[in-house]
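Since the structure comes first, as structure tokens, the remarks are kept for the end.
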């Protein structure tokens, strides 16, 4: 089992922490047109750079939801990452495209919930096998 691929070295740790995140537009309104998507992608990359994580893939689906593949250091919680991405992009999209506010009730762009899944380069089965076969020399 090789666990050395895609490792990120920090001062006190070495890690490979990846997430697949999905969140949707409030009421699943299909407002993410190509112009908004392009600006949203720029914003997401800028936020990631400013906050210390990386967005490897970003896509808008069906005009009403977003998919991100993110790598982050252990000091950043997934909750903080989602809060940065949804909060900052929501505010800046309303500033740049004020007309989208008319398509949404109560002036909120994103749904309050989100989906997140951890992504690893090694399967759970391989990790279990690796741990179970460690020698016990004590």
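Residue numbers (our numbering): 591 to 728.
Ideal placement from N, C-alpha and C gives every residue a C-beta, glycine not left out.
Note that the coordinates shown come from a computational prediction; the quantities given were computed from them, not determined experimentally.
Considering Cα atoms alone, identify which of the options is closest to residue i.
i: residue 618; options: 716, 712, 724 and 699; result: 699
i: residue 668; options: 686, 596, 715 and 709; result: 709
i: residue 640; options: 620, 685, 606 and 678; result: 678
i: residue 652; options: 624, 635, 636 and 637; result: 624
In whole angstroms, what is the alpha-carbon distance linking residue i and residue j?
i: residue 697; j: residue 691; result: 6 Å
i: residue 704; j: residue 658; result: 11 Å
i: residue 730; j: residue 663; result: Absent from the model: residue 730. The displayed extent of the chain is 591 to 728, so no value can be given.
i: residue 688; j: residue 675; result: 19 Å
i: residue 673; j: residue 711; result: 26 Å
i: residue 716; j: residue 615; result: 37 Å
i: residue 706; j: residue 609; result: 7 Å
i: residue 686; j: residue 596; result: 36 Å
i: residue 684; j: residue 714; result: 41 Å
i: residue 694; j: residue 701; result: 11 Å
i: residue 598; j: residue 627; result: 29 Å
On the premise that residue j lies in contact with residue i, defined as a C-beta separation below 8 Å, what is that separation, rounded to the nearest angstrom?
i: residue 622; j: residue 654; result: 7 Å
i: residue 645; j: residue 613; result: Actually they are not in contact, since the Cβ atoms of residue 645 and residue 613 sit about 13 Å apart, beyond 8 Å.
Which residues share a DSSP beta bridge with residue i?
i: residue 659; result: 610 and 647
i: residue 572; result: The requested residue 572 is not part of the displayed model; the chain covers only 591 to 728.
i: residue 598; result: 605
i: residue 700; result: 615
For the stretch 630-640 and the stretch 601-612, state whether three or more C-beta atom pairs, one from each stretch, are separated by less than 8 Å. Cβ pair count under 8 Å is below three, so no.
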